[in-house]
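Undergrad: One structure follows; several queries about it will come next.
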Amino acid sequence: MTERIKRIAAKLKDRYGEPRPKWPEDTLDVLVLTVLSQATTDANRDRAFQSFKEAFPTYDLVMAASDEEVARAIMSGGLAFQKAPRIRAILARLKEERGEYSLDFLASMDDEAAMDYLQSLPGIGPKSAACIMLFAFDRPIFPVDTHIHRVASRLELVTNNSTPEKTQAKLQSLVPPDLVYSFHLNLIEHGRQVCRAQSPRCDECILLDECPVHRDGALGSS
Ligand code: SF4
C-alpha cells in the first residue's frame with residue numbers, strides 16, 4: 131500500500147505542485163489558527179486570525195479581555211462563542227502549567243507525548259493536534275480532514291475507515307514521513323477541486339486509473 135501511496139502522491143504533486151508553507155512562525159499562533167480553522171473555510175479562518183491579531187497583539191491582552199470581546203474579534207471565523215473561550219482556556223492552562231504563553235516546550239517531546247499533550251487541551255482533537263504538529267513543529271504527523279477522509283475512502287487507501295480519526299490512524303502508519311506534508315495538502319486540494327463530495331469530476335481526475343470506486347461504478351456517472 132505504501133508503494134501505491136507514493137505513486138498517488140507523485141501524481142498529485144504533478145498536478146498541484148509542491149505546497150508552500152504559509153503558517154505563522156510562532157507555534158502558539160499555529161494553535162490559534164488551527165482552532166479558528168475548525169468548521170470554516172480557509173478564507174474565513176485567515177480573516178478571523180488577522181482580526182484577532184489586530185485586536186490582541188499579545189496573548190496577555192487576550193487574557194485581559196473577556197470571552198465576548200475575543201469572540202467579537204474572531205466573528206468572521208464562525209462558532210466565535212465556542213472558539214473564544216476555548217482559546218482563552220488553552221492560554222490559561224499554558225500560563226498556569228508552563229508560566230508563559232508558548233508551546234515551544236513541545237519541541238523537546240517525542241511525537242506521541244506531544245500529541246497526547248495537545249489532545250488534552252480544550253477543543254483539540256486528533257486532527258487539530260496533527261495539524262499543530264505538522265505545521266508548527268514540522269513533525270510528520272498526518273492530519274485527516276473531511277476531504278482526505280472522503281478521497282482516501284474512495285481510493286480505498288484504507289479499509290474499515292468509518293471515521294476520519296480511524297483514517298488518520300491508518301494513514302499515519304502508511305504515508306512515508308517525507309511525503310506527509312505535500313500529500314496531506316494535495317489530497318485536500320484534490321478533494322476540493324475534483325473529488326468533491328457531491329458530483330466528483332471523475333472524467334478529469336488524474337487518479338482515475340487508481341480508483342476502485344470509480345472503476346466499480348459505485349458513484350454513478352459524473
Ligand atoms: S476517479 Fe472520481 S471518485 Fe475516484 S478519486 Fe477521482 S474524482 Fe474521486
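Everything in the sequence shown is counted per my numbering, starting at 131 for the first residue and increasing by one. Even glycine gets a Cβ: it sits at the ideal position worked out from N, Cα and C.
Please tell me whether, using a cut-off of 7 Å, the distance from the CB of H344 to the nearest non-hydrogen atom of ligand 2 is below it.
TA: Ligand 2 is absent from the structure shown, which contains only ligand 1.
Undergrad: Less than 6 Å between C-beta atoms, sequence neighbours within five positions excluded: which residues of the same chain meet that for S181?
TA: Working through the sequence shown from its first residue, we reach residue 181 at position 51. Excluding residues within five positions, the ones whose Cβ falls inside 6 Å are A203.
Undergrad: From Y247 to K143, what does the alpha carbon distance come to, in whole angstroms?
TA: In the sequence shown, counting from the first residue as 1, residue 247 sits at position 117. In the sequence shown, counting from the first residue as 1, residue 143 sits at position 13. Answer to the nearest angstrom: the Cα atoms are 33 Å apart.
Undergrad: Ordered along the chain, which non-local residues of its own chain (more than five positions away) have a Cβ less than 8 Å from that of L285?
TA: Walking along the sequence shown from the start, residue 285 turns up at place 155. I138, L337, E340, C341, P342, V343.
Undergrad: Cβ of L233 within 8 Å of Cβ of T157?
TA: Working through the sequence shown from its first residue, we reach residue 233 at position 103. Working through the sequence shown from its first residue, we reach residue 157 at position 27. Yes. Within cutoff.
Undergrad: Using 8 Å as the cut-off, can you tell me whether the stretch 185-199 makes contact with the stretch 293-308, which would need three or more C-beta pairs spanning the two stretches below that distance?
TA: The answer is no - the stretch 293-308 does not touch the stretch 185-199, with fewer than three Cβ pairs under 8 Å.
Undergrad: Which residue comes first and which comes last in the alpha helix (DSSP H) that contains A108?
TA: This structure leaves residue 108 out entirely; the chain is present only between 131 and 352.
Undergrad: Is the closest heavy atom of ligand 1 to the C-beta of R284 under 7 Å?
TA: Mapped onto the sequence shown, residue 284 falls at position 154. Checking every heavy atom of ligand 1 against the Cβ of R284, one is found closer than 7 Å.
Undergrad: For ligand 1, is there a heavy atom less than 7 Å away from the beta-carbon of R331?
TA: Counting from 1 along the sequence shown, the entry for residue 331 is found at position 201. Checking the Cβ of R331 against ligand 1 gives yes.
Undergrad: From this set, I278, A260, M131, which residue's C-alpha is nearest I271's C-alpha?
TA: Residue numbering aside, residue 271 sits at position 141 when the sequence shown is read from its first letter. The option with the nearest alpha carbon to I271 is A260.
Undergrad: Just curious, the alpha helix (DSSP H) that A178 is in, first and last residue?
TA: Reading the sequence shown from its first residue, position 48 is the one you call residue 178. Looking at the DSSP string, the run of the alpha helix (DSSP H) that includes A178 is 172-185.
Undergrad: Should F235 and W153 be called a contact, given that it needs their Cβ atoms to be closer than 8 Å?
TA: Position 105 of the sequence shown, counted from the start, is the residue given in the question as residue 235. Position 23 of the sequence shown, counted from the start, is the residue given in the question as residue 153. Their beta carbons are not under 8 Å apart, which means F235 does not touch W153 by this criterion.
Undergrad: Below 7 Å, is the gap between the Cβ of L337 and the nearest heavy atom of ligand 1?
TA: Position 207 of the sequence shown, counting from 1, holds the residue named residue 337. True, at least one ligand heavy atom lies under 7 Å from that Cβ.
Undergrad: Report yes if the C-beta distance between P256 and H314 is below 8 Å; otherwise report no.
TA: Counting from 1 along the sequence shown, the entry for residue 256 is found at position 126. Counting from 1 along the sequence shown, the entry for residue 314 is found at position 184. Result no, Cβ atoms of P256 and H314 do not sit closer than 8 Å.
Undergrad: Rank T170, Y231, H279, E295 by C-alpha distance to the C-alpha of L327 and give the top, closest one.
TA: As a position in the sequence shown, residue 327 is number 197, starting the count at 1. The identity of residue 327 in the sequence shown is Ala, whereas the question assumes Leu. Nearest of T170, Y231, H279, E295 to A327, Cα basis: H279.
Undergrad: Alpha carbon to alpha carbon, how far is P132 from D275?
TA: As a first step, residue 132 is located in the sequence shown; it is residue number 2 there, counting from the start. As a first step, residue 275 is located in the sequence shown; it is residue number 145 there, counting from the start. According to the sequence displayed, residue 132 carries Thr and not Pro. For T132 and D275, the distance between alpha carbons rounds to 20 Å.
Undergrad: Taking all protein chains shown into account, decide if R175 is buried (16 or more other Cβ within 10 angstroms of its Cβ) or exposed.
TA: On the sequence shown, residue 175 is found 45 positions in, with the first residue counted as 1. With 16 or more Cβ atoms within 10 Å of its Cβ, R175 is classed as buried.
Undergrad: Quick one: grab the DSSP three-state call for E148.
TA: As a position in the sequence shown, residue 148 is number 18, starting the count at 1. Of the three classes helix, strand and coil, the one that applies to E148 here is coil, per DSSP.
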